[in-house]
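A.B. asks:
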Amino acid sequence: MESVYGLSLLLLTLLGTELAEPAATPDDFPRFTVPGAEHEMATLGALFWLHYPGAGPMATLWDEWLPDASLWPGVETHTYAAQMQKGWRTALSQRILDAEGYVATHQHPSIAHPLGWPFPFWNQGWRGCGWHFSFKNTVGPPWRPNELSTTEGWELRGARDAGVSDEGWTLEVDQNDVAITAPVRPCDTFEVPFLQLRWRAEGLEDARPFIAWTVPGEDGFDPARRMYFDLPGQDAVHYSAIPMYRHPLWSGEVRQLRIGLDHAAPGKIVIQAFFSQYDTRHNINGQNFLRGCAKYFFWTGDLSFLRANIQRMRTALRYIMHEHHTREAKVIVTDWVGHDGRSGIRRTAEGKEILTGRGIGNNYWDLLPFGGKDCYATIQYYDAVRTMAEIEREILAHPEWNIPGGPLAFSPQELEGHAAEVKAEGNRLFWNATTGRFVACIDAEGQSHDYGFTFLNLEAVHYDFATPEHAAAILSWIDGKQIVDGDTSQGEDIYHWRFAPRATTRRNIDWYFWAWSNPESIPFGGQVQDGGAVLGFSYHDLSARLRTLGPNNAWLRLKEILRWFDEVQAAGGYRAYYDGTRDGTLQGGGTPGGLGLDHEFFESVLVPQIMLYGFLGFHPRGDGFELSPSLPDDWPELTIDRIRFHNVLLKIRAGHDFVELHAQGSRDQPWRLILPQRSWQAVALPEHQEPSPLPQKGGDEAVWILPPGTDCAVRFQTPR
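In the numbering used here, the protein residues as written are 475 to 1194.
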């Protein structure tokens, strides 16, 4: 399992470094041009360039967001565009899917689940167990214990102690029936859903390894209490994560553990570590991976990539449907051990009770116990289902692409129908009519959790999950017009941080994973998940405003963000601006704080994307693209250049009654250009002799065909 961490070691390095001041913006970096708003566009371009170089592949968490920002800029300086495309192709193609279809997190390493988030881990709880005989290639404190274990108290049968080295504990195997019995260490199965064995083996090809255990009040190791697993490879230490929670007898208290080997032959094993493991998997990885793959294909037209990854995408979606019961429940239900939405903190008349093993996070907010019937994961699932429907529809429309079908393939109509069911049930189940917004989740005890999660609600609008009525209510609350009784932040204070709304508007000192047990020691606004703010999520705010309140409203909000960023630049950057002389503390690089701007907040690069995906209304497809401009009244036009689409450079100029498209490069296939249904007229611009595109009728859309060729310039005009 070592390859889990290949990409994420880079991320670990980035987490510990401050965002570097980039070189001057290259001449070939895309420009946003709006007559009369030259200063604002220059500021937005500077914000984009500041974050663009670090917007390549990271952990799976960012697979849905970062392709939007990094794949389209046609910047050849330092081969950025080519490297971004190559990086995404490699990263997405190498995302690990386990045997069932769960997509690995690919975050930095620790002693947590090797395919999950790096915490919590066993020594953060009270009722787990662990022995570490070597820390070689194990990330140091605080991601593991400080001290190595000894072999004292271990019992061996069929194997001989060959000593402990920096590789681990070596055992020479000389019998077929091997038992390696740990010292008595009572633990609770609720805190031990997995056991992890870090080991390698030599010469034991026919052995059948298993974990056995005893329980209080019974003598001996009952053969009924065994869980078998695979042998490791011989060349490197393998991280075997054994799902003990799936065994029906794995419940209550365990007294003692044993590693067994049936049918062993003379050989050797090296045990680096053996320890209990919380379930730190994330329930949005599959959604993010699928959409990241789709966006890569839409932007590049890379058919070989789609051909190689389509079954992985389908498998990931089918895994979500099965594992999270979406076919029956119509929402994501996360019932993994420790992920049922209940808090790891309970307040009683006697004081605070810490409930170890409860409240494990599931998504971006790793301290918050999203889970149970999970609204955030459901919103991401809804969008993933619709994205998969779009991919499957294009595959059916283009048999010449030769994309595999088979039993894993989906019917696009079936997926679209399922998405409609998810939207209907999600809006019914998760809507809080009293506060006028969506709750985070409904836990295993039927309790909903609503701390005014602005990010969740704005993404619900951005992804078209919220109904129009719910979208209007959400924007009324976030805009400060609708006051929610009991909220800590109301009205104008929701935008206290200027660049984004507070992540939450109600003080939360009760709903966290157990190890974050003293949230009241940090003031409201001192943590990103409790009244703080994240710059990147302003993209969803702008998008939600554009959809619900129109382009004029979105432009007003964007201008306030740009005024703030002008001040940041004048001060010398984020860290200089928030240096203690003004309100606000930065989180990042391992330091807790209230504002997410740099370091691991790679999604800051999203904000400028409102120009392309929002105001210009650009939507890439495998066989072309859609354009649906929505410009503020005081913008005469918007131009975006150096848009790299299918390795052709585009320059698009849009006004209130026209769209101009300039394409530079060779196209060997026709493109479908989809515009809003109007009385468009298309003409080739004078300097180009290519014939005008031929119109096709299509429902609520105007579909035009841009024939193959080299370079073109076309103007689409309609009466305003």
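Beta carbons are placed, not taken as given, at the ideal position from N, Cα and C, and that holds for glycine.
Distance, Cα to Cα, VAL1218 vs GLU727?
C.D. replies: Because the chain here runs from 475 to 1194, residue 1218 falls outside it and cannot be looked at.
A.B. asks: Would you mind giving the Cβ-Cβ distance between ASP1072 and GLY1062, rounded to the nearest angstrom? I have them listed as a contact below 8 Å.
C.D. replies: Their Cβ separation, rounded to whole angstroms, is 6 Å, which keeps ASP1072 and GLY1062 in contact under 8 Å.
A.B. asks: Would you decide whether ALA1176 is buried or exposed? Buried here means 16 or more other CB atoms lie within 10 Å of its CB.
C.D. replies: Buried, by the Cβ-count rule.
A.B. asks: Pull up the distance between the alpha-carbon of ALA686 and that of MET718, whole angstroms please.
C.D. replies: Between ALA686 and MET718, the C-alpha separation is close to 10 Å.
A.B. asks: Kindly indicate which three-state DSSP category GLY1155 falls into: helix, strand or coil?
C.D. replies: First, the residue type needs correcting, since residue 1155 is Gln and not Gly in the sequence shown. Note: GLN1155 maps to strand in three-state DSSP.
A.B. asks: Mind checking which residues open and close the beta strand (DSSP E) that includes GLY846?
C.D. replies: That run of the beta strand (DSSP E) goes 846 to 848.
A.B. asks: Quick check on ILE1198: does DSSP put it in helix, strand or coil?
C.D. replies: Residue 1198 lies beyond the stretch modelled for the chain, which goes from 475 to 1194, so this question has no answer here.
A.B. asks: If you run the structure through DSSP and keep just helix, strand and coil, what is GLU779?
C.D. replies: It should be pointed out that residue 779 corresponds to Phe in this sequence rather than to Glu. It is helical.
A.B. asks: Are the beta-carbon atoms belonging to LYS847 and CYS767 less than 8 Å from one another?
C.D. replies: In this structure, CYS767 does not lie closer than 8 Å to LYS847 by Cβ.
A.B. asks: Whose CA, out of TRP643, ARG732, HIS796 and PRO1066, lies closest to the CA of GLY999?
C.D. replies: Checking every option, the nearest Cα to that of GLY999 belongs to PRO1066.
A.B. asks: Can you give me the Cβ contacts of ASN597 inside the same chain, cut-off strictly under 7 Å, excluding the 5 residues immediately before and after it?
C.D. replies: GLY604 and PRO619, listed in sequence order.
A.B. asks: Would you say the segment 646 to 656 touches the segment 729 to 747, given that touching needs at least three Cβ pairs under 8 Å?
C.D. replies: The segment 646 to 656 vs the segment 729 to 747: in contact.
A.B. asks: Between the segment 839 to 855 and the segment 904 to 924, do three or more beta carbon pairs fall short of 8 Å?
C.D. replies: Flag = yes, the segment 839 to 855 and the segment 904 to 924 touch.
A.B. asks: Assuming GLY437 and ALA782 are in contact, meaning their beta carbons sit under 8 Å apart, how far apart are those beta carbons, in whole angstroms?
C.D. replies: Limits of the chain in this structure are 475 at one end and 1194 at the other, which puts residue 437 out of reach.
A.B. asks: Find out if the Cβ-Cβ distance for the pair THR612, HIS580 is shorter than 8 Å.
C.D. replies: Cβ atoms of THR612 and HIS580: not closer than 8 Å.
A.B. asks: By the DSSP assignment, the alpha helix (DSSP H) with TRP773 in it spans what residues?
C.D. replies: Looking at the DSSP string, the run of the alpha helix (DSSP H) that includes TRP773 is 759 to 774.
A.B. asks: Report buried or exposed for TYR702, applying the criterion of at least 16 other Cβ atoms within 10 angstroms of its Cβ.
C.D. replies: So TYR702 counts as exposed.
A.B. asks: Compare the beta carbon distance of ARG1189 and GLU1134 with 8 Å and say whether it is the shorter of the two.
C.D. replies: Taking 8 Å as the Cβ cut-off, ARG1189 and GLU1134 qualify as a contacting pair.
A.B. asks: Please state whether DSSP places PRO1193 in a helix, a strand or coil.
C.D. replies: In this structure, PRO1193 counts as coil in the three-state DSSP scheme.
A.B. asks: Given 8 Å as the limit, is there contact between the segment 1012 to 1024 and the segment 867 to 886, that is, 3 or more CB pairs closer than that?
C.D. replies: No: fewer than three Cβ pairs fall under 8 Å.
A.B. asks: Check whether the Cβ atoms of GLY818 and PHE987 sit closer than 8 Å, and answer yes or no.
C.D. replies: For GLY818 and PHE987, yes; Cβs fall inside 8 Å.
A.B. asks: Determine the closest residue to ASN992 out of ARG820, HIS552 and ASP693, with distance taken between C-alpha atoms.
C.D. replies: Comparing Cα-Cα distances from ASN992 to each of ARG820, HIS552 and ASP693, the minimum goes to ARG820.
A.B. asks: Where does ASP857 sit, in a helix, a strand or coil, going by DSSP?
C.D. replies: If DSSP states are grouped into helix, strand and coil, ASP857 belongs with the helices.
A.B. asks: Can you give the Cα-Cα distance for PRO1214 and TRP1029, rounded to whole angstroms?
C.D. replies: The displayed coordinates of the chain run from 475 to 1194. Any statement about residue 1214 would go beyond what the structure contains.
A.B. asks: Taking the alpha-carbon positions, what's the MET532 to GLN557 distance?
C.D. replies: Computed Cα separation, rounded: 14 Å.
A.B. asks: Do ASP1115 and PRO504 come within 8 Å of each other at the CB atom, strictly closer than that value?
C.D. replies: Yes, Cβ-Cβ distance for PRO504 and ASP1115 is below 8 Å.
A.B. asks: Should ASN906 be labelled buried (16 or more other beta-carbon atoms within 10 Å of its own) or exposed?
C.D. replies: That one is exposed.
A.B. asks: Going by alpha carbons, who is nearest to HIS799 out of ASP1015, ASN836 and ASN757?
C.D. replies: Closest by alpha carbon: ASN757.
A.B. asks: How about the segment 851 to 865 and the segment 802 to 809: do they share at least three Cβ pairs that are nearer than 8 Å?
C.D. replies: Yes, they touch.
A.B. asks: Hey, quick one: how far does the alpha helix (DSSP H) through GLY519 stretch, first residue to last?
C.D. replies: Start and end: 512 to 525.
A.B. asks: Tell me whether TRP1178 sits in a helix, a strand or coil according to DSSP, three-state version.
C.D. replies: Residue state, collapsed to three classes: strand.
A.B. asks: The alpha helix (DSSP H) with HIS936 in it runs from where to where?
C.D. replies: Segment 928 to 936, the alpha helix (DSSP H) holding HIS936.
A.B. asks: Looking at the secondary structure, which residues open and close the beta strand (DSSP E) in which ILE420 lies?
C.D. replies: The first residue shown for the chain is 475 and the last is 1194, placing residue 420 beyond what the model contains.
A.B. asks: Helix, strand or coil for PRO683 per DSSP?
C.D. replies: Three-state DSSP puts PRO683 in a strand.
A.B. asks: In angstroms, rounded to a whole number, what distance separates the CA positions of ILE952 and PRO683?
C.D. replies: Straight-line Cα distance between these residues: approximately 56 Å.
A.B. asks: Going by DSSP, what residue range makes up the alpha helix (DSSP H) through GLN1043?
C.D. replies: Run containing GLN1043: 1025 to 1045, per the alpha helix (DSSP H) assignment.
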